[in-house]
Amino acid sequence: MTASVFTPCKKEFYQILDGYNTLRSPSLSSETVNTTFPSGDTKNSSPKRKRWDKTSREKAVKIGKEMGLSKATRFLQKTSEYKDLCASTLYYWIKSSEHKTSNLPSRL
């Protein structure tokens, strides 16, 4: 069995959160510090989903196919238009565009 890389620290170096309103130091003294947290900051709101227009997606797909996924994502994120673009989103767009073009009937 290997030894853990973590070592115990002195009790003076940390505090215990007891519930939401009380902070206690685990030292030998019985000193307790009461604090209150603002209730308005505890609400977790999910981020709004970004809606991309068709021309932005087409432009990103074109660049993604030319440069590759990682390089294109980093390149596009430098612009304000694509600052929230994720590599997974760009990957999805590229795969969707390939799927759509492969299913189109060939014209004679």
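If you read the sequence shown in numbering that gives the first Met the number 0, its first letter stands for residue 0, the second for the next number, and so on.
Don't be surprised by glycine CBs; every beta carbon is placed ideally from N, CA and C.
- Counting along the chain, A71 sits inside the alpha helix (DSSP H) bounded by residues 68 to 76.
- DSSP places Y81 in the coil class of the three-state scheme, outside both helix and strand.
- By a beta-carbon distance limit of 8 Å, V60 does not contact S87. Their separation comes to about 14 Å.
- Spatial neighbours of E65 in its own chain (CB-CB distance under 8 Å, excluding positions within 5 residues in sequence) are listed in chain order as A71.
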